[in-house]
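Asks: Residue numbering for the sequence shown follows the working numbering, beginning at 26 and increasing consecutively. Sharing a structure below in structure tokens format, with a few things to ask.
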Amino acid sequence: MAHGHGGTDFFQEDEILGKAYDGRLMRRLLHYVRPYTTIVAVAMLLLLLYSASQVIPPILAKEVVDRSITPVVDGKIPVDEGLSRLALYGALYFGVLVLSSAIRYTQALLTAIAGQRAMYDLRLELFRHLQYLPLSFYDRNPVGRLMTRITNDIDALIDLVSRGVVSIFGDVFVLAGVMIVMLFLDVRLALVTFVSLPILVVMSVYFRGMMRDSFRAIRVRLARVNAYLNESLSGMSVIQLFTRETETFRRFDVLNTDLYHANRGAVRAMSTFQPSVSFTRATTSAVLLLAGSYWILQGQMTIGTLLAFWQLISQFFQPVLDLSDKYNVLQAAMASSERVFRLLDTPRAVADPPDAVQLKHVRGEMRFDHVWFSYQLAAEAALPDARPDGPREGGAGLDWILKDVGFTIAAGESVAIVGATGAGKTSIISLASRFYDVQRGRVLLDGVDVRSVRQQDLRRHIGVVLQDPFIFAGTIASNIRLNDASISDERVRAAARFVNADRFIERLPDGYATVVTERGSMLSVGQKQLLAFARAIAFNPEILLVLDEATSSVDTETEHLIQDALEKLMRGRTSIVIAHRLSTIQNVDRIIVLHKGRVVESGTHRELLAERGVYHRLYELQYRAHQPA
26 MAHGHGGTDF FQEDEILGKA YDGRLMRRLL HYVRPYTTIV AVAMLLLLLY SASQVIPPIL
86 AKEVVDRSIT PVVDGKIPVD EGLSRLALYG ALYFGVLVLS SAIRYTQALL TAIAGQRAMY
146 DLRLELFRHL QYLPLSFYDR NPVGRLMTRI TNDIDALIDL VSRGVVSIFG DVFVLAGVMI
206 VMLFLDVRLA LVTFVSLPIL VVMSVYFRGM MRDSFRAIRV RLARVNAYLN ESLSGMSVIQ
266 LFTRETETFR RFDVLNTDLY HANRGAVRAM STFQPSVSFT RATTSAVLLL AGSYWILQGQ
326 MTIGTLLAFW QLISQFFQPV LDLSDKYNVL QAAMASSERV FRLLDTPRAV ADPPDAVQLK
386 HVRGEMRFDH VWFSYQLAAE AALPDARPDG PREGGAGLDW ILKDVGFTIA AGESVAIVGA
446 TGAGKTSIIS LASRFYDVQR GRVLLDGVDV RSVRQQDLRR HIGVVLQDPF IFAGTIASNI
506 RLNDASISDE RVRAAARFVN ADRFIERLPD GYATVVTERG SMLSVGQKQL LAFARAIAFN
566 PEILLVLDEA TSSVDTETEH LIQDALEKLM RGRTSIVIAH RLSTIQNVDR IIVLHKGRVV
626 ESGTHRELLA ERGVYHRLYE LQYRAHQPA
């Protein structure tokens with residue numbers, strides 16, 4: 026029931042670059058963190074303690090040298106007293122390291138918990154939103170890109186919340202603490218160290234631009250690879266049937282090579298940035314060593330002070346490296362959040378009204394009242410920037426699929442809709458199920474406009490049987506009841522018996538508990554069709570919609586089983602059958618003929634043949650096509 030109609034898709038959306046930092050997006054992200062504010066607050070407090078604990082070891086190292094070792098060497102205190110002081114400082118040093126590790130572990134754990142929970146909530150909201158988007162949305166957007174939103178993009182946001190936002194504050198705290206301690210220990214060496222700051226800022230700005238461009242290129246190309254992979258793997262039978270393996274591989278190689286080059290750019294930027302920072306640190310350390318040694322020889326500085334600076338210099342440069350990495354995390358999150366929130370902002374073009382009408386009992390009368398429908402307008406209504414007052418009116422230049430269609434199907438009546446390809450037959454079913462909304466006119470169920478009814482309430486009374494029924498990974502029973510716990514095992518078996526599906530199910534290794542793979546690859550077309558009938562019976566709808574020739578591509582025996590099941594299904598129900606083979610629908614109560622989007626004929630098989638109109642021509646064409654040459 027998909028239709029390949031135009032409109033903006035996520036391929037173009039992936040190209041959106043956005044800002045390096047977007048406060049609006051960040052506020053929306055923090056909205057999901059807000060329920061876990063207490064956890065984040067404790068993690069921030071622990072981060073402050075951890076930052077403080079990082080600068081204590083260099084100070085203790087200074088005290089060890091200046092108060093334990095140097096006095097003994099100079100003969101100012103006895104060796105025993107020096108060893109006693111050394112043991113005390115050593116114990117303090119070890120205790121600080123243990124405490125620092127415990128604080129860091131707890132802080133990282135709490136931050137990860139908050140991030141995972143927040144993104145768990147976002148992923149659920151995103152999937153819930155996807156479930157209620159109209160089919161026109163899925164007509165335009167590849168499944169691979171949508172999967173990228175829920176997986177890769179959410180993972181990027183988890184990185185930001187778990188090790189990005191909080192860790193950035195931690196790096197700032199550590200850097201500030203180190204600078205304060207440096208100034209406290211020796212202003213001269215501190216100023217020598219701070220000379221490297223402008224150099225680090227210039228390098229960070231330069232490489233940040235390189236990494237931002239590389240990262241954006243990676244995200245775009247990764248989405249393309251995912252979309253192509255999903256499409257290729259889903260259509261592998263067609264690829265192999267038409268021996269397109271080589272061409273498919275060549276196209277994937279082009280996309281994969283593009284992704285490889287994008288990643289190579291990011292690797293080149295990082296592999297250049299880190300050695301540049303390391304070289305700056307080594308140069309600063311060398312200058313510190315020379316300057317410190319000079320002042321020590323002049324008696325203006327202690328050896329312990331130089332040793333403390335030697336340790337602090339690593340802690341001074343490490344946050345700079347970390348901040349550059351966190352900037353990449355921030356870039357990833359901004360790009361991903363832009364796409365995720367754009368998806369969340371996609372309007373539900375087919376939305377439930379706030380004052381929905383209750384359908385407690387349905388007789389099954391279906392009426393199309395001067396219906397006009399265009400997939401082009403439906404696609405425009407499903408865009409993220411759709412007009413708030415709905416799709417544009419008028420009809421000039423539009424490809425109307427249905428044009429002023431009007432008919433009524435009485436409760437319990439069986440009606441077949443026939444016509445040439447593109448006449449609008451499947452669109453009738455889509456509108457009756459409210460997968461799309463009409464642009465003009467009304468679709469009425471028991472006199473109630475379907476747009477005034479909750480979609481779930483409407484579809485609870487409608488059973489749809491597709492030409493190629495979708496089989497989910499799971500058991501035979503779970504595919505009949507669709508995981509509805511209210512449908513008992515006995516009801517599942519009764520439904521299968523009613524539509525003749527029990528015959529093949531009981532021959533399976535584990536019967537109703539037999540596990541089928543994704544899309545039911547182990548089942549034949551006819552078996553999947555019978556399962557679809559059993560599914561419809563299990564849910565016991567008042568209205569039955571059968572799409573596009575349910576008995577196509579099956580053997581004669583299975584066709585008889587399906588036809589028998591179809592007749593049982595239609596008995597006592599309002600039934601709309603879309604058929605290409607006119608020989609299979611001669612016993613319905615009425616046949617409606619569509620031609621170029623309009624109802625041109627209506628009547629029984631014999632009445633329509635007698636009119637010698639469109640139906641007669643279709644019947645003659647099929648009759649001649651099946652005659653032996």
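Note that CB positions come from ideal geometry on N, CA and C, so glycine has one too. These numbers were taken from a predicted model, which means no experiment stands behind them.
1) At a cut of 8 Å, does the stretch 396-404 reach the stretch 557-566 through at least three beta carbon pairs?
2) In this structure, how does DSSP classify Ala498 when only helix, strand and coil are distinguished?
3) Using the DSSP secondary-structure output, state which residues sit across from Val396 in a beta bridge.
4) Note down the Cα distance separating Gly317 from Ala333, rounded to an integer number of angstroms.
5) Going by alpha carbons, who is nearest to Ile501 out of Leu594, Leu533, Phe523 and Asn251?
6) Among Ser549, Pro372 and Ile205, whose alpha-carbon lies nearest the alpha-carbon of Ile587?
7) List the endpoints of the continuous alpha helix (DSSP H) containing Val90.
8) Tell me whether the beta-carbon of Asn508 lies closer than 8 Å to the beta-carbon of Ile496.
9) Counting C-beta neighbours from all protein chains within 10 Å, is the total for Arg642 16 or more, i.e. buried, or is it exposed?
10) Check each candidate in Leu171, Gln265 and Asp184 and name the one with the smallest Cα separation from Ala252.
11) Spatial neighbours of Gly329 within its chain, please: C-beta separation below 6 Å, excluding the five flanking residues on both sides.
12) In chain order, which continuous runs of the alpha helix (DSSP H) of length 4 or greater are located wholly inside the stretch 554-609?
13) Compare the C-alpha of Arg479 against each of Gln383, Val190, Arg388 and Leu160 and name the closest.
14) In the DSSP assignment, find the unbroken alpha helix (DSSP H) run with His630 in it and report its ends.
15) When you compare the stretch 369-379 with the stretch 249-268, are there three or more beta-carbon pairs, one atom per stretch, that lie closer than 8 Å?
16) In three-state terms, what does DSSP make of Ala445?
17) Just checking, does the stretch 307-326 make contact with the stretch 191-203 on the three C-beta pairs under 8 Å criterion?
18) Which residue comes first and which comes last in the alpha helix (DSSP H) that contains Gly488?
19) Under 7 Å Cβ to Cβ from Tyr644, same chain only, skipping five residues before and after it: list those, please.
20) Check each candidate in Asp471, Pro344, Leu85 and Ala559 and name the one with the smallest Cα separation from Asp196.
21) Counting beta carbon pairs with one atom in the stretch 74-82 and one in the stretch 118-125, are three or more of them shorter than 8 Å?
22) When the Cα atoms are used, what is the spatial distance from Arg142 to Gly472?
23) Any idea if Arg213 is buried or exposed, counting beta-carbon neighbours within 10 angstroms, 16 or more meaning buried?
24) Going along the chain, which residues of its own chain have a beta-carbon closer than 8 Å to the beta-carbon of Phe529, five neighbours each way excluded?
25) What do you get for Thr657, buried or exposed, if any count of 16 or more other CB atoms within 10 angstroms of its CB means buried?
26) For Thr305, tell me which candidate among Ala445, Thr271, Val227 and Asn353 has the shortest Cα-Cα distance.
27) Tell me where the alpha helix (DSSP H) around Arg293 begins and ends.
28) Does DSSP put Glu626 in a helix, in a strand, or in coil?
29) For a test of the three-state rule: what should DSSP assign to Val639, helix, strand or coil?
30) Since Leu111 contacts Ser126 with CB under 8 Å, what's their CB separation in whole angstroms?
31) Could you have a look at Val58 and say whether DSSP puts it in helix, strand or coil?
32) Mind reading off the beta-carbon distance from Asp283 to Arg246? Whole number of angstroms is fine, and I expect it under 8 Å.
33) Does Lys351 pass the burial test, meaning 16 or more other C-beta atoms within 10 Å, or should it be called exposed?
34) Please identify the residue among Tyr231, Asp178, Phe219 and Phe366 whose C-alpha is closest to the C-alpha of Phe298.
35) In three-state DSSP terms, what is Arg110?
36) To the nearest whole angstrom, what separates the beta carbons of Val443 and Ile616, a pair I think is in contact under 8 Å?
Replies: By the coordinates alone:
1) Too few Cβ pairs lie closer than 8 Å, so no.
2) Secondary structure of Ala498 (DSSP, three-state): coil.
3) Looking at the DSSP assignment, Val396 forms a beta bridge with Val430.
4) C-alpha of Gly317 to C-alpha of Ala333: approximately 11 Å in a straight line.
5) Ile501 has its Cα closest to that of Leu533, out of Leu594, Leu533, Phe523 and Asn251.
6) Comparing Cα-Cα distances from Ile587 to each of Ser549, Pro372 and Ile205, the minimum goes to Ser549.
7) No alpha helix (DSSP H) holds Val90; DSSP gives it neither H nor E.
8) At a Cβ-Cβ threshold of 8 Å, Asn508 and Ile496 do not count as neighbours.
9) So Arg642 counts as exposed.
10) The shortest C-alpha separation from Ala252 is found at Leu171.
11) Only Lys87, Val90 and Asp91 meet the Cβ criterion.
12) Unbroken alpha helix (DSSP H) stretches of 4 residues or longer found wholly inside the stretch 554-609: 581-595, given in chain order.
13) In terms of Cα proximity to Arg479, the closest of Gln383, Val190, Arg388 and Leu160 is Gln383.
14) Taken as a continuous stretch (DSSP letters only), the alpha helix (DSSP H) holding His630 covers His630 to Glu636.
15) Flag = no, the stretch 369-379 and the stretch 249-268 do not touch.
16) Residue state, collapsed to three classes: coil.
17) Of all C-beta pairs linking the stretch 307-326 to the stretch 191-203, fewer than three are shorter than 8 Å, placing the two stretches out of contact.
18) Careful: Gly488 lies outside any alpha helix (DSSP H), inside the beta strand (DSSP E) at Ile487 to Val490.
19) Excluding five sequence positions before and after Tyr644, the CB atoms of its chain that fall closer than 7 Å to its own CB belong to Leu607 and Leu634, given in chain order.
20) The candidate whose alpha carbon is nearest that of Asp196 is Pro344.
21) The stretch 118-125 is in contact with the stretch 74-82.
22) Distance from the CA of Arg142 to the CA of Gly472, rounded to the nearest whole angstrom, comes to 46 Å.
23) Taking all protein chains in view, the Cβ of Arg213 is surrounded by fewer than 16 other Cβ atoms within 10 Å, so the residue is classified as exposed.
24) Closer than 8 Å at Cβ, skipping near neighbours: Gln552 and Leu555.
25) Residue 657 is absent from the structure shown; the chain starts at 26 and stops at 654.
26) Out of Ala445, Thr271, Val227 and Asn353, Val227 has the C-alpha closest to the C-alpha of Thr305.
27) It spans Glu270 to Leu322 - the alpha helix (DSSP H) in which Arg293 sits, taken as one unbroken run.
28) Per DSSP, reduced to three states, the secondary structure at Glu626 is strand.
29) Assigned with DSSP and collapsed to three states, Val639 falls in helix.
30) The pair is not a contact, with the Cβ atoms about 23 Å apart (cut-off 8 Å).
31) In this structure, Val58 counts as helix in the three-state DSSP scheme.
32) Approximately 5 Å separates the beta-carbon atoms of Asp283 and Arg246; this is inside 8 Å, confirming the contact.
33) Around the beta carbon of Lys351, a 10 Å sphere encloses 16 or more other beta carbons of the protein chains shown; the residue is thus reported as buried.
34) Across the set Tyr231, Asp178, Phe219 and Phe366, the C-alpha of Tyr231 shows the shortest separation from the C-alpha of Phe298.
35) In the structure shown, Arg110 adopts helical secondary structure according to DSSP, grouped into three states.
36) 6 Å between Cβ atoms; contact.
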